[in-house]
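J.: Chains as they are written, first to last, in the working numbering: chain A, 1 to 504; chain B, 505 to 1008. Next up is a structure, given as structure tokens.
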């Protein structure tokens, strides 16, 4: 593909200025219209070093109202970034709906550099590109426009530019040893870049290779392409067909009908077991920290199902430096203006820490489905999106525990009434809880579908029999311990005193 | 102070459990009430290593609803953090009003460690504590409650705990070389800690030294103290007297009455000078990057005063990787629930980059004063707070340029009418602009006070005569260039190729 590009494409100064004036006006208009429609735009600039990414971005930025766009400069993965799944740093940088994000380098850079530097094996590379395709698809399904540029110059042109930059002490840092090394590997990179095009050019988000020898041509071509994409989005009626949802192989979490709610633990056993389990979890927490093992624990359940009490016992003895309990209600502010998965990516703690989700991304297929906050095509699509999200977590080593806190309808009523009667517990019971209770059957259906669709072999749901609180709390602790133990090397290896200084 | 503390204070298990049950309930209630009142609470835990900060924080955290508190673990300054003023990492971590932030270590840690490690000179230490007193005062003036604990154990007790921790491979990383080094310096630290108490114990935010030999006593005492502070805040009627505002020595920015609005530049000269200045600024931008020099440029001015056009010319030739234009309107979402300075700390780019503020913290003494969004005691207090904020920036090396884009009332009218007539400019003119125009005289008074109060010798205001756009744009560029040049070593020193890898 690269060798079919006419690198001599150029534009005369006069034509350039006239065309640009018109383009700037129309880009500004398109920005204001897309802002109103709430369409987020992501513009990716990749390309050879010294191809002029800075120039093209600077030029494009002039057309836009700064209230509404951000330029992100993506560097090689830093140490703190390495403690998260690879896509974390892009999810957390998503523009809110109606805004424009320009990426100077992007999710492609690291994959490409690692492919060349480490001669990555084909399966790993495939996996990385698959992850990127999923990421872009999920954003576009949510209404985003994605434009991807690769700025192309010849090997000779690049050498010439490197020499010019190196001559001036103010600019010579731009062509340091890393850049020189990449320049020498031009041919090797070329092969990998062609592969990147093949793997990630999709009909919705194709790669646009832009000849960048002539800076005016480059600026004009990028501006025109972005404008065309924005205007196309404006013309779209934006009603999307529901994609076929691949059904997952259910590892038999069991159905809600067969949950044995008579399971109970007596007080004596509870008082003995609870501190033992809490002490054990505290030890595991420290081993997780030493081994940089991330742990994510998801709590969903009926109102008054015992989530709060279970979380309190789970964290009772943990070192507060190593865990965070993050409660999720209806999305507010920024959250409401981004992809629904954004806030969960954002909340994720770094490797070595526990993230405890008090309600979670499953809200999409529970409350948002039942209450109609998400249209059917959105929540139906979510089963797959959630499995993809969790696969990203698992791939990066996360230990994932998912608890459904289950109580009978009678037990829920008893707890509601107890709350209403006890003054210091009254704040825990609201009219909304009573309203939700009336929709018990519709929630039941949604929960059943969720257990069915989102119990993957590596991320199964655990149904916690919750009528007896003591049983429920011990089960949460012991399942968590069991899953963590299965993923660690135990007994703990030698401590790493270095870790302390660098990470914590 | 430390040697007067009774380190044998302890509590029996039975008394402890009974007391704590009651405390937990009341802490939960206080949290819900303060949430309603919108009072933010900051709880600081400092103390000897192994004194039990983790335990005390963990225990306290159990009393609170996780929807509303966050634990921040403050580590020694990391490399990315070193590219900002010292208080940046605390300003950006402020809780929203009504929430609780617990700091495991805080703004005190770095000062104390540096005092011991680098035997910091007295003036530097004084300055650091002055900065902290200002920080805490500004937050408390905004309604915040601050509680500061120092957890105290004897030298012998600490040694005993270190030995226990070192014995277990799972916990031994907690007493690494750094901690051992600090333990050996116990006596040296003691002197500096006493000084820290003297310098930063204020009537509103006194240090509470807690004997931490007995963990139950520690948990109880911290919970009781926090509860008392929260209940006191609830009892407060929260009406604060307006503090006396120290007037600053006006370095004669000049008054608005004497601005010479006839200043103009002809087209020929403009077309010649503009690209020269833009090229010069681009070079300076790169030198700033190499020398890690932070630059902040503030634009305020009349509606249609030419801010947008001036910013566009200023940034025209800059490398987009090195600057950000951040527009500020009325505070929204999270911004509206935090101290008004928070969003400006948050927006600040790291050292080596330009931050261009399209409107700024001066909104407090302009629009918020004129429209009555801030009560008089709040905007009157702001003159001093702004000078303190800017002093923090200047102390950390920031080059600060502040432009007031000034136009005559007639010229403003001409521009409003031109915008209303030109279809592609109509979005730039709103009813609000017309309403603001009617308040011209009240804005005039507010602007005059601002120029008077906030033109400090190192951060003077520049009034830009804006009736002639060409003059205004060249002036903004040349003043910026001049102020940057005055703060750099020029010509540029040898390039640092290393910087590229580590920072960018």
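Note that CB positions come from ideal geometry on N, CA and C, so glycine has one too.
For the beta strand (DSSP E) that residue 81 of chain A lies in, which residues bound it at each end?
T.: Here residue 81 of chain A refers to the residue found at position 81 when the first chain is read from its first residue. It is not in any beta strand (DSSP E) - residue 81 of chain A carries neither H nor E in the DSSP assignment.
J.: Below 9 angstroms between beta carbons is the criterion; list the residues of the segment 565-580 of chain B that meet it against any residue of chain A, in chain order.
T.: Hits within the stretch, in order: 565, 566, 569, 570, 571, 572, 574, 575, 577, 579 and 580.
J.: Whole-angstrom Cβ separation of residue 1041 of chain B and residue 894 of chain B, contact assumed at under 8 angstroms?
T.: Lying outside 505 to 1008, the shown extent of chain B, residue 1041 of chain B is not represented and no answer is given.
J.: Which residue marks the beginning of the alpha helix (DSSP H) containing residue 171 of chain A, and which one marks its end?
T.: Position 171 of the first chain, counting from 1, holds the residue named residue 171 of chain A. Where residue 171 of chain A is concerned, there is no enclosing alpha helix (DSSP H), given that its DSSP letter is neither H nor E.
J.: Who does residue 799 of chain B pair with in a DSSP beta bridge?
T.: By one-based count along the second chain, residue 799 of chain B stands at place 295. Bridge partners of residue 799 of chain B: B/858 and B/903.
J.: Kindly list the residues whose CB is nearer than 8 angstroms to the CB of residue 239 of chain A, restricted to its own chain and excluding five residues on each side of it in sequence; keep chain order.
T.: To locate residue 239 of chain A, count along the first chain from 1; it is residue 239. Note that residue 239 of chain A has pLDDT 46, beneath the 50 cutoff, so the model's placement of it is unreliable and the number below is only indicative. Cβ within range, chain order: n/a, list empty.
J.: To the nearest angstrom, how far is it from the Cα of residue 877 of chain B to the Cα of residue 870 of chain B?
T.: For the purposes of this step, residue 877 of chain B is taken as the residue at position 373 of the second chain. For the purposes of this step, residue 870 of chain B is taken as the residue at position 366 of the second chain. Taking the straight line from one Cα to the other gives about 10 angstroms.
J.: Using a Cβ-Cβ cut-off of 6 angstroms (strictly less than) and excluding sequence neighbours within five positions of residue 335 of chain A, which residues of its own chain qualify?
T.: As a first step, residue 335 of chain A is located in the first chain; it is residue number 335 there, counting from the start. The answer, listed in chain order, is 343.
J.: Can you pull out the residues from the segment 546-563 of chain B whose beta carbon lies closer than 8 angstroms to at least one beta carbon of chain A?
T.: For the segment 546-563 of chain B, which is checked against every Cβ of chain A, the residues closer than 8 angstroms are 558, 561 and 562.
J.: Check residue 193 of chain A in the structure and name its three-state DSSP category.
T.: Looking up residue 193 of chain A in the first chain gives position 193. Residue state, collapsed to three classes: helix.
J.: Starting from residue 831 of chain B and walking both ways along the alpha helix (DSSP H), at which residues does that stretch end?
T.: Translated into positions along the second chain, residue 831 of chain B becomes position 327. It is not in any alpha helix (DSSP H) - residue 831 of chain B instead sits in the beta strand (DSSP E) that spans 827-831.
J.: Would you give the residue range spanned by the beta strand (DSSP E) that residue 462 of chain A belongs to?
T.: Within the first chain, the letter at position 462 stands for residue 462 of chain A. Looking at the DSSP string, the run of the beta strand (DSSP E) that includes residue 462 of chain A is 461-465.
J.: Spatial neighbours of residue 96 of chain A within its chain, please: CB distance less than 8 angstroms, with the 5 preceding and 5 following residues excluded, ordered by chain position.
T.: Counting from one through the first chain, the residue named residue 96 of chain A turns up at place 96. Around residue 96 of chain A: 40, 334, 337 and 338.
J.: Between the beta-carbon of residue 864 of chain B and the beta-carbon of residue 804 of chain B, is there less than 8 angstroms?
T.: Within the second chain, numbered from 1, the residue matching residue 864 of chain B stands at position 360. Within the second chain, numbered from 1, the residue matching residue 804 of chain B stands at position 300. In this structure, residue 804 of chain B lies closer than 8 angstroms to residue 864 of chain B by Cβ.
J.: Are the beta-carbon atoms belonging to residue 303 of chain A and residue 325 of chain A less than 8 angstroms from one another?
T.: Position 303 of the first chain holds residue 303 of chain A. Position 325 of the first chain holds residue 325 of chain A. Going by C-beta atoms, residue 303 of chain A is not nearer than 8 angstroms to residue 325 of chain A.
J.: Counting Cβ pairs closer than 8 angstroms, one from the segment 134-144 of chain A and one from the segment 22-41 of chain A, do we hit at least three?
T.: As far as the Cβ criterion goes, the segment 134-144 of chain A touches the segment 22-41 of chain A, which means the pair count is three or higher.
J.: Just to confirm before moving on: does the CB-CB distance between residue 53 of chain A and residue 64 of chain A stay below 8 angstroms?
T.: As a first step, residue 53 of chain A must be located in the first chain, where it is residue number 53. As a first step, residue 64 of chain A must be located in the first chain, where it is residue number 64. Against a cut-off of 8 angstroms, the Cβ pair of residue 64 of chain A and residue 53 of chain A comes out as no contact.
J.: Drop a sphere of 10 angstroms on the beta-carbon of residue 746 of chain B, count the other beta-carbons inside from all chains shown, and report buried for 16 or more, exposed for fewer.
T.: If you number the second chain from 1, residue 746 of chain B lands on position 242. Note that residue 746 of chain B has pLDDT 45, beneath the 50 cutoff, so the model's placement of it is unreliable and the number below is only indicative. By the neighbour-count rule (16 or more Cβ atoms within 10 Å), residue 746 of chain B is not buried but exposed.
J.: Does the distance from the C-beta atom of residue 49 of chain A to that of residue 182 of chain A stay below 8 angstroms?
T.: In the first chain, residue 49 of chain A corresponds to position 49, counting from 1. In the first chain, residue 182 of chain A corresponds to position 182, counting from 1. Against a cut-off of 8 angstroms, the Cβ pair of residue 182 of chain A and residue 49 of chain A comes out as a contact.
J.: Pop quiz: residue 587 of chain B and residue 796 of chain B are said to be a contact at Cβ under 8 angstroms. What is the actual Cβ separation, rounded to whole angstroms?
T.: Taking the second chain and counting its residues from 1, the one referred to as residue 587 of chain B is at position 83. Taking the second chain and counting its residues from 1, the one referred to as residue 796 of chain B is at position 292. Sure, about 7 angstroms apart at Cβ, within 8 angstroms.
J.: Among A/5, A/47, A/72 and A/478, which has the Cα closest to the Cα of residue 279 of chain A?
T.: Within the first chain, residue 279 of chain A is the residue found at index 279, counting from 1. When only C-alpha atoms are compared, the closest one is A/478.
J.: Does the distance from the C-beta atom of residue 692 of chain B to that of residue 620 of chain B stay below 8 angstroms?
T.: Position 188 of the second chain holds residue 692 of chain B. Position 116 of the second chain holds residue 620 of chain B. Yes, they are a contact pair.
J.: Flag residue 241 of chain A as yes if its beta-carbon sits less than 8 angstroms from any beta-carbon of chain B, otherwise no.
T.: Looking up residue 241 of chain A in the first chain gives position 241. Because residue 241 of chain A sits at a pLDDT of 45, beneath the cut-off of 50, its placement in the model cannot be relied upon, and the point is left open.
J.: Indicate whether residue 537 of chain B and residue 720 of chain B have their beta-carbon atoms separated by less than 8 angstroms.
T.: Taking the first residue of the second chain as 1, we reach residue 537 of chain B at position 33. Taking the first residue of the second chain as 1, we reach residue 720 of chain B at position 216. No, they are not a contact pair.
J.: Quick one: which chain A residues come within Cβ less than 8 angstroms of residue 823 of chain B?
T.: Start at 1 with the first residue of the second chain, and residue 823 of chain B comes out as number 319. Those within 8 angstroms of residue 823 of chain B in chain A are 54 and 58.
J.: Judging by CA-CA distance, which residue of B/860, B/740 and B/872 is the nearest neighbour of residue 798 of chain B?
T.: Numbered from its first residue, the second chain carries residue 798 of chain B at position 294. That would be B/860, whose Cα lies nearest to the Cα of residue 798 of chain B.
J.: By the 7 angstroms beta-carbon criterion, what residues does the segment 411-424 of chain A contribute toward chain B?
T.: Residues 424.
J.: So, are the CB atoms of residue 763 of chain B and residue 905 of chain B less than 8 angstroms apart?
T.: One-based indexing of the second chain puts residue 763 of chain B at position 259. One-based indexing of the second chain puts residue 905 of chain B at position 401. In this structure, residue 905 of chain B does not lie closer than 8 angstroms to residue 763 of chain B by Cβ.
J.: Assuming residue 345 of chain A and residue 88 of chain A make a contact with CB atoms under 8 angstroms, what is their CB distance in whole Å?
T.: The count along the first chain starts at 1 and reaches residue 345 of chain A at position 345. The count along the first chain starts at 1 and reaches residue 88 of chain A at position 88. Going by Cβ atoms, the distance from residue 345 of chain A to residue 88 of chain A rounds to 6 angstroms, so yes, they are a contact pair.
J.: For residue 831 of chain B, which residues in chain A fall below 7 angstroms Cβ to Cβ?
T.: Position 327 of the second chain, counted from the first residue, corresponds to residue 831 of chain B. Here the neighbours are 66 and 67.
J.: If residue 193 of chain A sits next to residue 2 of chain A, beta carbons under 8 angstroms apart, how far is it from one beta carbon to the other, in whole angstroms?
T.: If you number the first chain from 1, residue 193 of chain A lands on position 193. If you number the first chain from 1, residue 2 of chain A lands on position 2. Confirmed, about 7 angstroms.
J.: Got a sec: is the Cβ-Cβ distance from residue 675 of chain B to anything in chain A below 8 angstroms?
T.: The residue labelled residue 675 of chain B in the question sits at position 171 within the second chain. With 8 angstroms as the cut-off, residue 675 of chain B counts as an interface residue toward chain A.
J.: Would a check of beta-carbon distances place residue 271 of chain A closer than 8 angstroms to chain B?
T.: Numbered from its first residue, the first chain carries residue 271 of chain A at position 271. No - not a single Cβ of chain B is within 8 angstroms of the one on residue 271 of chain A.
J.: Can the beta-carbon of residue 231 of chain A be found less than 8 angstroms from the beta-carbon of residue 30 of chain A?
T.: Position 231 of the first chain holds residue 231 of chain A. Position 30 of the first chain holds residue 30 of chain A. Yes.
J.: Mind listing the chain E neighbours of residue 838 of chain B? Cutoff is C-beta to C-beta under 9 angstroms, in chain order.
T.: The structure shown contains no chain E; the protein chains it does contain are A and B.
J.: Within its chain, find whatever has a CB closer than 8 angstroms to the CB of residue 723 of chain B; leave out the 5 residues flanking it on each side and keep chain order.
T.: Residue mapping note: residue 723 of chain B aligns to position 219 of the second chain, counting from 1. Contacts found: 520, 524, 559, 560, 563 and 564.
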